[in-house]
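**Q** Chains as they are written, first to last, in the working numbering: chain A, 184 to 455; chain E, 158 to 453.
(1) For residue 533/E, which option in 167/E, 172/E, 164/E and 166/E has the closest C-alpha, if you only look at C-alpha atoms?
(2) Quick one, which of 259/E, 295/E and 424/E has its alpha-carbon nearest residue 275/E's?
(3) Between residue 304/E and chain A, is any beta-carbon pair separated by less than 8 angstroms?
(4) Grab me the residues of residue 372/E's own chain with a C-beta within less than 8 angstroms of its C-beta, minus the 5 sequence neighbours each way, in chain order.
(5) Would you call the stretch 162 to 170 of chain E and the stretch 292 to 311 of chain E touching, i.e. three or more CB-CB distances under 8 angstroms?
(6) Report, in whole angstroms, the separation of the C-beta atoms of residue 199/A and residue 224/A, which I expect to be a contact under 8 angstroms.
(7) Terminal residues of the continuous beta strand (DSSP E) containing residue 441/E?
(8) What are the start and end residues of the beta strand (DSSP E) that includes residue 206/E?
(9) Need the endpoints of the beta strand (DSSP E) that residue 233/E sits in, please.
(10) From which residue to which residue does the beta strand (DSSP E) around residue 296/E run?
(11) Could you give the DSSP three-state label for residue 159/E: helix, strand or coil?
(12) Determine, for residue 217/A, whether the minimum Cβ-Cβ distance to residues of chain E falls below 8 angstroms.
(13) Can you check whether the C-beta of residue 405/E is within less than 8 angstroms of a C-beta belonging to chain A?
(14) Could you tell me which whole beta strand (DSSP E) segments of length 3 or greater appear in the stretch 377 to 452 of chain A?
(15) Taking 8 angstroms as the threshold, find out whether the stretch 242 to 250 of chain A comes into contact with the stretch 266 to 277 of chain A through three or more Cβ pairs.
(16) Between the stretch 414 to 430 of chain E and the stretch 225 to 236 of chain E, do three or more beta carbon pairs fall short of 8 angstroms?
(17) Taking a cut of 8 angstroms between CB atoms, which residues from the stretch 207 to 235 of chain A lie near chain E?
(18) My parser needs the beta strand (DSSP E) runs of 3 or more residues fully inside the stretch 297 to 342 of chain E; what are they?
(19) Throw me the rounded Cβ distance for the residue 191/E and residue 390/E pair, which I believe falls under 8 angstroms.
(20) If I measure Cβ to Cβ from residue 256/A and keep anything under 8 angstroms in the same chain, skipping five residues before and after, which residues do I get?
(21) Can the beta-carbon of residue 304/A be found less than 8 angstroms from the beta-carbon of residue 359/A?
(22) From which residue to which residue does the alpha helix (DSSP H) around residue 434/E run?
(23) Cβ of residue 278/A within 7 angstroms of any heavy atom in the ligand COA?
(24) Should residue 365/E be flagged as near chain A, meaning a C-beta pair shorter than 8 angstroms?
(25) I'd like to know whether the C-beta atoms of residue 386/A and residue 205/A end up nearer to each other than 8 angstroms.
(26) Within the continuous beta strand (DSSP E) that includes residue 337/A, where are the two ends?
(27) Check whether the stretch 361 to 368 of chain A touches the stretch 404 to 413 of chain A, counting contact only when three or more Cβ pairs, one atom from each stretch, lie closer than 8 angstroms.
(28) Are the stretch 325 to 341 of chain A and the stretch 283 to 294 of chain A touching by the rule of at least three beta carbon pairs closer than 8 angstroms?
(29) Counting only the same chain and skipping the five closest in sequence on each side, list residues whose C-beta sits under 6 angstroms from that of residue 310/A.
(30) Taking residue 283/E as the query, report the chain A residues whose CB atoms sit under 8 angstroms from its CB, ordered along the chain.
(31) List the DSSP bridge partners of residue 353/E.
(32) Spell out a yes or no on whether the stretch 249 to 263 of chain E and the stretch 345 to 352 of chain A are touching, meaning 3 or more CB-CB pairs, one atom from each, closer than 8 angstroms.
(33) Would you say residue 399/E reaches chain A, if we count a Cβ-Cβ gap shorter than 8 angstroms as a contact?
(34) Give me the residue from 452/A, 400/A, 441/A and 429/A with the minimum Cα distance to residue 194/A.
(35) Whose Cβ in chain E lies nearer than 9 angstroms to the Cβ of residue 355/A?
(36) List the residues of chain A that residue 343/E touches, going by C-beta distances under 7 angstroms, in chain order.
If you want it as C-alpha cells, here you go:
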C-alpha cells in the first residue's frame with residue numbers, strides 16, 4: 184500500500200483525477216461496488232480506493248467478474264478484458280440481482296444519467312414530452328431503473344456539467360431520486376436515494392428536508408456563479424462560504440496515471 | 158435415441174416468421190448470435206419484435222434493414238461505440254416502438270414466461286415513469302401486507318437466438334468458462350423455439366467430460382448450427398474480442414442512408430453464406446488478431 188495520505192497535494196492534477204479521487208472517498212473498506220457500461224470514472228475510483236484507503240473494497244467488475252485483476256482500464260468497462268482473472272463469475276440473471284436486491288450488499292451505486300434534475304431523478308430514456316414519440320431516444324434505463332428504487336445510496340457522476348444535463352425537471356424519470364422532493368420518495372416506500380453528484384465543476388448534495396440539490400463544495404478555481412450559470416435550475420444561495428473540494432494527492436495522481444489508467448480511457452467521458 | 162437437431166443457418170433462420178417476437182442474446186458488444194441475425198436479414202424477415210437485455214449492433218442492423226418494429230429491453234447501446242443510430246432514428250420516426258424495462262423487470266417478465274406464471278414481481282422501477290407507459294407493468298399490493306411491488310406480465314418470446322462455444326448434434330449446449338449474462342439464463346427457457354449457433358459442433362463425449370459446463374439441454378433446443386466466429390463482430394469470451402474496426406466502420410456508415418445500404422450489401426446481404434462473410438471480413442488472419450483480443 185502506497186503512502187498516499189502523506190503525499191503532498193498534486194500540483195498538476197486534472198479534473199478527471201479530482202473527480203476520481205472524490206468518488207473514491209465515498210467507498211469504504213468492506214463495501215461492495217459494481218460498475219456498468221462506459222464507467223471509466225467509477226472503475227478508476229474503485230481501483231484507486233483499493234490501492235489506498237480501502238484495500239478490502241470488493242469490486243464486481245461489469246457486475247459479473249468478482250475481484251478481477253485487469254492490468255489497466257481497458258476500452259470497455261463491460262467487456263472481458265476488465266474482468267480478467269476474476270475469482271468468480273457471478274451469473275448475472277440470478278446471482279447478481281440476488282446480491283443487489285437482498286439489501287445487505289452493494290449498498291452504493293454510481294449512476295451516469297443523460298439528464299439529472301434538482302431532486303436527483305435521472306433520465307436515460309427519452310428527451311421530449313411524449314415517451315412513445317420521443318424527440319431523442321436515449322439508450323434506456325438498464326439497471327438504473329432498479330438501483331434507484333431498491334434502497335441504494337446513489338452517487339451520480341457528471342463529467343459535463345451544463346444546463347442540458349442538470350435540469351429543473353427530467354423529461355422522464357428512468358431512475359428514481361427524491362421524486363418531487365420533500366418526503367415524496369419516503370412516501371412512495373423507497374429507502375436510500377441520491378447522496379452526491381460529482382461533476383467537473385463541483386460536488387452537490389441534497390438538502391435533508393427539501394431534498395433539493397445544493398452545492399456542497401466547489402472545485403478549485405470555480406465560483407458559485409459559474410456553477411449556477413451551468414445549471415438548468417436555481418441553486419439555493421449559499422448561507423456560508425462553500426468549501427473547496429480537496430485536490431488529489433501527488434501519489435493518487437501517480438497511481439491513476441501510471442497504474443490504473445495509463446491509456447487515459449477516463450478522459451473519453453469528458454467534453455461530450 | 159436423442160433427436161437430431163443439427164441443421165443449416167438457412168433452415169434454422171426459417172423457423173423465425175415475420176412478426177415473431179425474437180429474444181436475442183447480446184450485451185452491448187458481446188456474445189450476439191450474429192450469423193443468425195445476418196441470415197434473418199438476408200431472408201428479408203419483417204415486423205420482428207426484438208427482446209434484448211442490452212442490444213448492440215444486431216439491433217442496429219435489424220433496424221437498418223427494416224426488419225423490426227418493436228423492441229423490448231433494458232437498453233440499446235454499443236457502449237464505447239455509442240448509441241445505435243439507425244435504431245434511434247427508427248424509434249424517433251415512430252417505426253420502432255419501445256417497451257423499456259429495467260433489468261429486473263425484463264428478467265421477471267421472462268422468468269414468468271419460463272415458469273408458466275401470469276407474472277412475477279419486482280421492487281425495481283417504483284417511482285419511475287416507466288410503469289405508467291407500459292401495460293405489462295402494474296403496481297400490486299403485497300397480499301401479505303408488505304410494501305407494494307410491480308407485477309411484470311409474463312413474456313414468452315416466439316424464438317430465442319443464442320450463441321455458444323460448443324454443441325452436440327442433439328442440441329446439448331456447452332459453454333466455456335466466461336461471464337453468464339441473463340440472456341442465456343432465462344431467454345431460451347422462456348421462448349417457444351430455441352435456435353443455437355455454436356463455434357463448433359462436438360461429439361457428445363466432449364460435453365460429458367464437463368457436464369457442469371452444459372448450459373442448455375438438448376430437449377429445449379430446436380435447431381443447432383455450426384458457425385465459427387458466429388458472434389462476429391461482437392466478442393465471444395474467451396475465444397475472441399469484439400471487432401473494433403468493424404464497429405467503427407459501421408458507426409461511420411450509419412450516419413448516411415447510402416453508406417448504410419453499401420455496408421449492408423457488402424457485409425450482410427452480399428456474402429452468400431457465413432463462410433463467405435468470414436472471408437469478406439478478413440478471413441483467418443483477422444480471426445487470429447481477434448483471438449488475441451487486439452484493440453480491446
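Cβ atoms here follow ideal geometry from the backbone N, Cα and C, with glycine treated the same way.
**A** Well, looking at it:
(1) Here chain E has residues from 158 to 453 only, and residue 533/E is not among them.
(2) Stepping through the second chain from its first residue, residue 275/E is reached at position 118. Minimum Cα-Cα distance from residue 275/E among the listed residues 259/E, 295/E and 424/E corresponds to 295/E.
(3) Taking the second chain and counting its residues from 1, one reaches residue 304/E at position 147. The beta carbon of residue 304/E falls within 8 angstroms of a beta carbon belonging to chain A, placing the residue at that interface.
(4) As a position in the second chain, residue 372/E is number 215, starting the count at 1. Apart from sequence neighbours up to five positions away, the residues of its chain that approach residue 372/E with a beta-carbon distance below 8 angstroms are 321, 330, 331, 332, 337 and 341, ordered along the chain.
(5) Three or more beta-carbon pairs separated by less than 8 angstroms are not found between the stretch 162 to 170 of chain E and the stretch 292 to 311 of chain E, which leaves the two stretches without contact.
(6) Position 16 of the first chain holds residue 199/A. Position 41 of the first chain holds residue 224/A. In this structure residue 199/A touches residue 224/A by the C-beta definition: roughly 7 angstroms separates them, less than 8 angstroms.
(7) Residue 441/E sits at position 284 when you count from the first residue of the second chain. Careful: residue 441/E lies outside any beta strand (DSSP E), inside the alpha helix (DSSP H) at 440 to 448.
(8) The residue labelled residue 206/E in the question sits at position 49 within the second chain. Boundaries of the beta strand (DSSP E) around residue 206/E: 205 to 212.
(9) Numbered from its first residue, the second chain carries residue 233/E at position 76. It spans 225 to 233 - the beta strand (DSSP E) in which residue 233/E sits, taken as one unbroken run.
(10) The residue you call residue 296/E lines up with position 139 of the second chain. Note, residue 296/E: beta strand (DSSP E), 294 to 297.
(11) The residue labelled residue 159/E in the question sits at position 2 within the second chain. Residue 159/E sits in coil when the DSSP states are folded into three classes, being neither helix nor strand.
(12) As a first step, residue 217/A is located in the first chain; it is residue number 34 there, counting from the start. Judged by the 8 angstroms Cβ criterion, residue 217/A is not in contact with chain E.
(13) For the purposes of this step, residue 405/E is taken as residue 248 along the second chain, with counting starting at 1. So no, residue 405/E is outside the interface.
(14) Correct list: 385 to 389 and 396 to 401.
(15) With the cut-off at 8 angstroms, the stretch 242 to 250 of chain A and the stretch 266 to 277 of chain A touch.
(16) Touching, no, given that fewer than three Cβ pairs across the two stretches are closer than 8 angstroms.
(17) The residues in question are 220 and 221.
(18) Whole beta strand (DSSP E) segments, 3+ residues: 306 to 310 and 316 to 324.
(19) Numbered from its first residue, the second chain carries residue 191/E at position 34. Numbered from its first residue, the second chain carries residue 390/E at position 233. With 8 angstroms as the limit, residue 191/E and residue 390/E qualify as a contact, their Cβ atoms being about 7 angstroms apart.
(20) Residue mapping note: residue 256/A aligns to position 73 of the first chain, counting from 1. These residues qualify, in order along the chain: 223, 226, 227, 230, 265, 443, 444, 446, 448 and 449.
(21) Walking along the first chain from the start, residue 304/A turns up at place 121. Walking along the first chain from the start, residue 359/A turns up at place 176. Taking 8 angstroms as the cut-off, the beta carbon of residue 304/A is found closer than this to the beta carbon of residue 359/A.
(22) Numbered from its first residue, the second chain carries residue 434/E at position 277. 431 to 437 is the span of the alpha helix (DSSP H), which, as asked, contains residue 434/E.
(23) For the structure depicted, the ligand COA is absent and the ligand set is empty, with no information on it obtainable.
(24) On the second chain, position 208 is the one that residue 365/E refers to. For residue 365/E, the closest Cβ of chain A is not nearer than 8 angstroms.
(25) Working through the first chain from its first residue, we reach residue 386/A at position 203. Working through the first chain from its first residue, we reach residue 205/A at position 22. For residue 386/A and residue 205/A, yes; Cβs fall inside 8 angstroms.
(26) If you number the first chain from 1, residue 337/A lands on position 154. Per DSSP, residue 337/A is one residue of the beta strand (DSSP E) stretching across 336 to 341.
(27) Short answer: they don't touch.
(28) In short, these stretches touch, since the Cβ pair count reaches three.
(29) In the first chain, counting from the first residue as 1, residue 310/A sits at position 127. Short of 6 angstroms from the beta carbon of residue 310/A, and not among the five residues preceding or following it, lie these beta carbons of its own chain, in chain order: 318, 319 and 354.
(30) Stepping through the second chain from its first residue, residue 283/E is reached at position 126. Per Cβ cutoff of 8 angstroms: 332, 359, 371, 372 and 373.
(31) Position 196 of the second chain holds residue 353/E. Beta-bridge annotation (DSSP): residue 353/E is paired with 319/E and 381/E.
(32) Verdict: no, contact absent.
(33) Counting from 1 along the second chain, the entry for residue 399/E is found at position 242. Judged by the 8 angstroms Cβ criterion, residue 399/E is in contact with chain A.
(34) Reading the first chain from its first residue, position 11 is the one you call residue 194/A. Per the C-alpha coordinates, the member of 452/A, 400/A, 441/A and 429/A positioned closest to residue 194/A is 429/A.
(35) Locating residue 355/A in the first chain gives position 172, where the first residue counts as 1. Residues of chain E passing the Cβ test: 285, 286, 287 and 290.
(36) Here residue 343/E corresponds to residue number 186 of the second chain, with the count starting at 1. Correct list: 276.
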